[in-house]
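Structure record follows, encoded as structure tokens.
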Amino acid sequence: MKHYLSTVALGAALALATSSAFAQTVGPKGEAATPTASIMVEDGDLETIRSGNHTAALLWHDQSDFVNAVTAGATDELARAGIEVVATASAGFDAAKQRSDIETALSKDPSIILSLPLDPVTSAAAFEEAKENGVKLVFLSNVPSDYEHEKDYAAIVTDDLFQMGKQAADALAASMGGAGTVGWIYHDADYYVTNQRDNAFKTTIENDYPEISIVAEQGISDPARAEDIANAMLLRNPEIGGIYVTWAGPAEGVLAALRANGNDTTKVVTLDLSEPVALDMVRGGNVAAIIADEAYELGRAMAAAAILDLLGKDVPPFVVAPAVTVTADNVAEGWMQSLHIDAPKSVTGN
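Position in the sequence shown (from 1) plus 4 gives the number in my numbering.
In structure tokens, the structure reads:
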């Protein structure tokens, strides 16, 4: 799972996000989502920003193709405005390391910090000095405890979580001819990103596909248990037509179970790009589709939100990037659209 998020105020937000009356992504406090395409720095404002000698720090939670794509999007947008990146860091999912990264970055006096706060409570204290120094803060997918929009940060930017789950449901339904039985393997933890995506899949199947029934549901917190969970699901439901898996890591375990059972008919959908999962898909295996986000666009929008805040312009509190349905037919294009890099040669055959 590429986004790491601690417990957020999920109750009301999830109830809204997964109801048929409000089928869209909402923020941690129920904020309406604004598309990233609306967060643009006009050419006429660039000269104003360039004259300010601003700098930026990019302080991430981990290192991955996803983070590289977010960094590329942010760096390109910052360069367009003449803003130098003076610090980059990866905390390796260590909240203490992230706090140290923030302190180190602040010694370089950045105007902007883009970051994914690992732990709401710890990060609230860690970013306090940045706030006091007037640094413009834009967060990826999470927000420190008790931080308020405008006063404490410019924006939260994340995936269009409901659309990711909905597109997964649509892709699985299409691969099954709109009828059959489905297993739902969801993330069994209060993580804002995965909760909305998982529940959006379930809501879409239940509301939009009357001839598809979810006959098995199982939460997962440890990806290493995915193969065992899938084996048990297949034992109880040998004719199951499709399985949704919360993200690509556990999906690899589900594929292992299907192969061990000699099952080449049950379709699988999952979220977030993965070379092993994509290989199964392009080779005509069980995987019907992978739903990804536009990670490069996430970074671009984060940088643009910070620049707009520097300009004193209003920035919406909660911003979402589009989802991409990647199949065997568009894997090269989908990889580029999501990560802004070429798909692995093993996947494209080039």
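Ideal Cβ placement from N, Cα and C applies to all residues, glycine included.
Using C-beta distances below 8 Å, list every residue in its chain close to V335, excluding the 5 sequence neighbours before and after it, in chain order. Excluding residues up to 5 positions away in sequence, A282, M285, V286, A347, V351 and T352 lie with their Cβ nearer than 8 Å to the Cβ of V335 in the same chain.
Closer than 7 Å to a non-hydrogen atom of the ligand HEM - does that hold for the CB of S94? As for the ligand HEM, it is missing from this structure, which has no ligand bound.
Validate contact between the stretch 91–110 and the stretch 146–157 using beta carbons, cut 8 Å, 3 pairs: Counting Cβ pairs under 8 Å, fewer than three are found: no touch.
When you compare only the Cα positions, how much space is there between T38 and K155? Cα to Cα, T38 sits roughly 19 Å from K155.
Give me the Cα-Cα distance between P227 and K317, rounded to the nearest whole angstrom. Straight-line Cα distance between these residues: approximately 43 Å.
Roughly how many angstroms lie between the CA atoms of A236 and T207, to the nearest whole one? Across the structure, A236 and T207 are spaced so that their CA atoms are roughly 24 Å apart.
For the structure I just gave you, are there three or more beta carbon pairs, one from the stretch 293–301 and one from the stretch 126–135, closer than 8 Å? The way I'd put it, the stretch 293–301 doesn't touch the stretch 126–135; fewer than three beta-carbon pairs between them come closer than 8 Å.
Identify every residue that forms a DSSP beta bridge with Q341. None; Q341 has no bridge partner.
For V147, which three-state DSSP category applies? In this structure, V147 counts as coil in the three-state DSSP scheme.
Spatial neighbours of D80 within its chain, please: CB distance less than 6 Å, with the 5 preceding and 5 following residues excluded, ordered by chain position. Cβ contact annotation for D80 (same chain, cutoff 6 Å, sequence separation greater than five): none.
Less than 6 Å between C-beta atoms, sequence neighbours within five positions excluded: which residues of the same chain meet that for V273? Contacts found: A172, A175, L176, Y248, A292 and A293.
Is there contact here, the stretch 63–73 with the stretch 199–206, by at least three beta-carbon pairs under 8 Å? With a cut-off of 8 Å, the stretch 199–206 and the stretch 63–73 do not count as touching, because too few Cβ pairs lie within range.
What's the C-alpha gap between L314 and N146? Their backbone Cα atoms lie some 21 Å apart in a straight line.
Taking its Cβ as the centre, do 16 or more other Cβ atoms sit within 10 Å of K271, making it buried, or is it exposed? Buried.
Indicate whether G223 and D192 have their beta-carbon atoms separated by less than 8 Å. In contact: G223 and D192 (Cβ atoms closer than 8 Å).
Inter-residue Cα distance where the pair is D263 and G187: Note that residue 263 corresponds to Arg in the displayed sequence, not to Asp. In this structure, the alpha-carbon of R263 lies about 17 Å from that of G187.
Beta-carbon separation (whole angstroms), L118 vs M306, contact threshold 8 Å: The pair is a contact, with the Cβ atoms about 5 Å apart (cut-off 8 Å).
I need the boundaries of the alpha helix (DSSP H) containing D156, first residue and last residue. Note, D156: premise wrong, no alpha helix (DSSP H); not H, not E.
8 Å CB neighbourhood of E215 in its chain, flanking five on each side removed: Answer for E215: G182, A183 and G184, listed in chain order.
At 4 residues or longer, what runs of the alpha helix (DSSP H) sit wholly inside the stretch 248–276? For secondary structure counted as the alpha helix (DSSP H) over 4 or more consecutive residues, the stretch 248–276 holds these complete runs in sequence order: 252–264.
From the DSSP output, in three-state form, read off A95 for me. Three-state result, A95: coil.
At which residues does the beta strand (DSSP E) containing Y196 begin and terminate? Premise fails: Y196 lies in the alpha helix (DSSP H), Y196 to D212, not in any beta strand (DSSP E).
Where I43 and P121 are concerned, what is the direct C-alpha to C-alpha distance, given to the nearest angstrom? Between I43 and P121, the alpha-carbon positions lie close to 21 Å from each other.
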